[in-house]
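Asker: The sequence shown finishes on residue 589 if you use the numbering used here, and the numbering steps up by one all the way, no holes.
The C-beta atom is built at its ideal place from N, Cα and C for all residues, glycine as well.
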Amino acid sequence: MGLSGLWRFYRGVWIHSFHGDCRSLEAGVLVVGSSQSSYSGGIGRNCFGPYLVPQVLSVVQTAKLSEQRKQQLVETNRELQIRNREVEHANQLKSQFLASMSHELRTPLTAILGFSELIAEDSGSTLTEKHKHFAQNIRQSGRHLLELINNILDMSKIDAGRLDLRLENCALRAAFSEVLVNIAAVAASKQIHIQHNVPDNLLVYADRIRLRQILYNLLSNAVKFTPAGGVVSVDVSSEKEFVCISVNDTGIGISFEDQRVIFDEFRQIGTTTQGVREGTGLGLSITKRLVELHGGKIWVESLPQRGSRFSFTLPEENRVLSTGAAGLPRPEFVPCILAPRAKPLILVVDDDHATCDFIVRTLEQEDYITAVANSGAEAVEKARILMPDAITLDVLMPSGNGFEALVEIKKRPDTRSIPIVLVSVLDHQELGFALGAVDYLLKPLEKSALRESLRRIAPPAAEEGSGCVLVVDDDLATLEFVKATLMAEGYDAKTVQSGHEAIQLLSTIQVNAVILNLLTPEADGFDLLQSIKAEPRWRGVPIFILTGQKLSKRDLRLFSGKTRARLGKHASWKDDLLRQLEHSVKSE
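(1) Looking at C-beta atoms only, is the number of pairs between the stretch 467 to 482 and the stretch 180 to 197 that lie closer than 8 Å three or more?
(2) Closest to residue 396 by CA distance: which of 433, 80, 200, 383 is it?
(3) Beta-carbon separation of residue 425 and residue 444 under 9 Å?
(4) Taking only the alpha-carbon atoms, compute the straight-line gap between residue 496 and residue 516 and give it to the nearest angstrom.
(5) Please report the straight-line C-alpha distance between residue 581 and residue 477, rounded to a whole angstrom.
(6) Which whole runs of the alpha helix (DSSP H) in the stretch 123 to 165 are 4 residues long or more, in chain order?
(7) Which whole runs of the alpha helix (DSSP H) in the stretch 406 to 445 are 4 residues long or more, in chain order?
(8) Can residue 455 and residue 367 be called in contact, C-beta distance under 9 Å?
(9) Is the beta carbon of residue 264 closer than 9 Å to that of residue 299?
(10) Between the Cα of residue 318 and those of 391, 502, 84, 208, spot the shortest distance and give me the residue it belongs to.
(11) If you follow the beta strand (DSSP E) that residue 366 is part of, which residue opens it and which one closes it?
(12) Can you tell which of 409, 239, 301 has its C-alpha closest to the C-alpha of residue 173?
(13) Could you give the residue range of the beta strand (DSSP E) that holds residue 310?
(14) Assuming residue 114 and residue 144 are in contact, meaning their beta carbons sit under 8 Å apart, how far apart are those beta carbons, in whole angstroms?
(15) CB of residue 377 to nearest heavy atom of the ligand COA: below 8 Å?
(16) From which residue to which residue does the beta strand (DSSP E) around residue 292 run?
(17) Do the stretch 284 to 304 and the stretch 148 to 157 meet, that is, are 3 or more Cβ pairs less than 8 Å apart?
(18) In whole angstroms, what is the alpha-carbon distance linking residue 312 and residue 415?
(19) By Cβ distance, which residues of its chain are closer than 8 Å to residue 578, with the 5 residues on each side in sequence left out?
(20) Taking the alpha carbon of residue 347 as the reference point, which residue from 359, 211, 372 has its own alpha carbon closest?
(21) What number of angstroms, rounded off, separates the C-alpha of residue 251 from the C-alpha of residue 192?
(22) Where DSSP assigns a beta bridge to residue 170, which residues make up the other side?
(23) Tell me the DSSP secondary structure of residue 253 in three-state form.
(24) According to the Cβ coordinates, are residue 204 and residue 363 closer than 9 Å?
(25) Just how far apart, CA to CA, sit residue 355 and residue 361?
(26) Put residue 199 into one of helix, strand or coil per three-state DSSP.
(27) Roughly how many angstroms separate the alpha carbons of residue 27 and residue 66, rounded to a whole number?
(28) Alpha carbon to alpha carbon, how far is residue 399 from residue 407?
(29) Can you grab the Cα-Cα spacing for the pair residue 316 / residue 223, in whole Å?
(30) So who's on the other strand from residue 243, going by DSSP bridges?
(31) By a C-beta neighbour count over all protein chains shown, 10 Å radius and 16 as the cutoff for buried, is residue 230 buried or exposed?
(32) May I ask you to report which of helix, strand or coil DSSP gives residue 579?
(33) Starting from the C-beta of residue 201, find all residues in its chain whose C-beta is less than 6 Å away, skip the five residues before and the five after it, and write them out in chain order.
(34) Under the assumption that residue 458 contacts residue 420 (Cβ atoms under 8 Å), give the Cβ distance between them as a whole number of angstroms.
(35) At what residues does the alpha helix (DSSP H) containing residue 381 begin and finish?
(36) Please report the straight-line C-alpha distance between residue 307 and residue 73, rounded to a whole angstrom.
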């Protein structure tokens, strides 16, 4: 039986209302109802069609919209892929630019910082004090520029996921002491006392360099924002498998609104106690990212004009360190069997003549003799001929990779045991240590870091007249700074924090000079001075008074004839101290 009925074209769809046999209906024709009441269970056209037609049309329209949206999504995904490729390319260009900037800026900074330091500290120079002050300003500005460059490069590495941690068990007290040396001069100039309860034997599982960076960022901020005469303290506690370190200050504080954004990038909250803004606003942001890379967390608590407390956590020591874990140990070196020399010989390898000149002058001041090579091939040849006591080797040289020279020197049986200190603007410490280097120094070179590294592996000849100096001060930051200063000049420095400890030490060892702070926790400085001068064994020991206070006429009378010099904690007190010791100790 055929179909008969009414055909209609409605919104792009043919609709047929029919009666009869629907089996012969062709595909593509939509049947919406039957005119016969007996069809489809007796549902007639008048009750079935009016309800079904709108629903069918809605389904058709939805299908069309879905197809359109699908096409739009395909186009959007294609555009996103193109944008992602553009972003990746831009990131690659940024990384290349930053790497180039690192080399181009850090290498000349080595010469700027190094020579300005040599000029400022050259006691035999004909320069006036004014010109030496200019040199100090150049050095301080250079160090500030270096800090800005390092912050930008660190943030770039973190964002790119290229900042690798060399995790190992680190002594927290040792890291804290190293940081104190760097901030002690600023703290002393503002008469800020630094207190702590860091145990000697507490270990954390961290990257040694990044641990120092975290501590330095927080402690230097605390000193910077604390007014003169304030207090900065460090508290340590254990929380399950983590160690919690808190840095507290009595500074200007932080508002609640600023606390919510203080760890954001390029945020500079408030001003220093001198009323100026400093830095890029990246220090705390980098600190937060470094703590989180270690698996820890960081937070701040503060009240305006009441001070701040920055706390962070780090994992406790790893008690089961697996072989080959991250953090390759520094290889031990065996000293070379050399012909006797009056002074140690250091081979300096660098293609940058200004850097070479700075290293040579620094080492000659430290009583070393030097030889120079400007390429990797020349370094290998001179190492074989001269058999130096140590080598400083630049990694990036246009005439040959420093790593290749390192491998070549370590391959030869006659030069294998020469200790090599790598010097570079690139941070590839893990590779350097794996290839056999004993130390890795980043440019721009710090004079103190270079000196410390070489003294460890190739000590200079002992100086005539160097002696033991006892330092008595209740302020830990001042103690650490004075000790580092004295040891860098060849003195054996002993430190105590009380008059009682000073008397005990004087009774057991021979000292050549005493540096005494007036105020000690267990004995007044005047009483200690009287005790030293009353004992015949110590009567001839020169005593230097170090104080941040203005002395009264009565105090000056008490010191008369009992002390060699009085030193105020001002900007140049380090130079005054060394000059006085030079005349009093080494001349005796």
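Answerer: In short, the structure shows the following:
(1) yes
(2) 433
(3) yes
(4) 9 Å
(5) 23 Å
(6) 130 to 161
(7) 430 to 435
(8) yes
(9) yes
(10) 208
(11) Taken as a continuous stretch (DSSP letters only), residue 366 belongs to no beta strand (DSSP E), being part of the alpha helix (DSSP H) at 354 to 366.
(12) 239
(13) 308 to 316
(14) 7 Å
(15) Of ligands this structure carries none, so the ligand COA is not represented either.
(16) Run containing residue 292: none in the beta strand (DSSP E); it sits in the alpha helix (DSSP H), 284 to 294.
(17) yes
(18) 52 Å
(19) 483, 486, 516, 545, 547, 568
(20) 372
(21) 13 Å
(22) 206
(23) coil
(24) no
(25) 10 Å
(26) coil
(27) Interpretation of residue 27 is limited by its pLDDT of 45, a score under 50 that renders its predicted location unreliable; no figure is taken from the coordinates.
(28) 15 Å
(29) 24 Å
(30) 240, 316
(31) exposed
(32) helix
(33) 174
(34) 4 Å
(35) 377 to 387
(36) 57 Å
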